[in-house]
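Residue numbers (full-length UniProt numbering): 1 to 179. Every residue gets a Cβ at the ideal spot worked out from N, C-alpha and C, and that includes glycine. In this text, all values refer to a predicted model and were calculated from it rather than measured experimentally.
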Amino acid sequence: MTTSTADSTTSTTTLTDVGLLILRIGLGASTVYAGLRKAFDFSTTTGFMEAGGWQPPTLSALMVTVAETLGGIGLLLGVLTPLAACAVVAAMVDAWAVNVSAAAVWYDPFNAPFLIALGATTLLFTGAGALSLDARIFGRTVWSARLAIGVLIIAIAAAVLTWLLLNGTNPIHFSSPTT
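Now the structure itself:
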């Protein structure tokens, strides 16, 4: 028994869209959750930022809270996916740096922020798929490669600049830092 090319292409496209929806739900929900936890206990978030050397801590806490919450909502719904992915990648690169700055970089490099940033980067290049608001509102299931690369560069630059300007330390250590 054989199947026609048209049938397998349609089936693959539909399964790809379902896969992208599942990826968006996982990434979006976990990122929204992280952002809302920070929002509902903002004084603890600000204290954490201050203890980590972020100055000013309130601005730092607000930036990560907004990036995670709005970026997560954007990924969850698949709306303005490049902007949502940019916010999530930038926030997660800094969250990754916070996690690895306490030890040698290879101690725990593949933590949750790393995986969320990787997933958001994937959505940046694949688009949100047909089961998204991008498809419904803008008629787009994917954005151009030039836009994806540009937005990824912006996200990484935003993360690095945010870290340097608001934290001022080098998070990458090749041996455990001494206190």
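Which of helix, strand or coil does DSSP assign to residue i?
i                 : result
serine 60         : helix
tryptophan 54     : coil
glycine 74        : helix
proline 171       : coil
valine 142        : coil
asparagine 99     : helix
residue 184       : Absent from the structure is residue 184, since the part of the chain shown begins at 1 and ends at 179.
phenylalanine 42  : helix
phenylalanine 110 : coil
valine 79         : coil
alanine 128       : coil
Look at the Cβ atom of residue i, then the Cβ atom of residue j, and state whether they are nearer than 8 Å.
i            : j           : result
glycine 72   : leucine 83  : no
leucine 23   : glycine 119 : yes
alanine 87   : leucine 70  : yes
valine 89    : alanine 128 : no
glutamate 68 : alanine 34  : yes
Give me the residue from the options with the minimum Cα distance to residue i.
i             : options                        : result
alanine 91    : Ser30, Val64, Leu161           : Val64
glycine 19    : Thr122, Ala95, Ile156, Leu164  : Thr122
threonine 145 : Asp134, Thr126, Ala159, Ile154 : For the record, residue 145 in the displayed sequence is alanine; it is not threonine. That would be Thr126, whose Cα lies nearest to the Cα of alanine 145.
asparagine 99 : Ala85, Ser132, Ala128, Met49   : Met49
leucine 166   : Gly53, Arg136, Asp41           : Gly53
valine 79     : Ala148, Ile137, Ile153, Thr169 : Ile137
alanine 95    : Lys38, Val151, Ser43           : Lys38
threonine 162 : Phe42, Ser101, Ser60           : Ser60
aspartate 17  : Asn111, Ala159, Asp134         : Asp134
valine 32     : Ala159, Gly150, Ala85, Ser43   : Ala85
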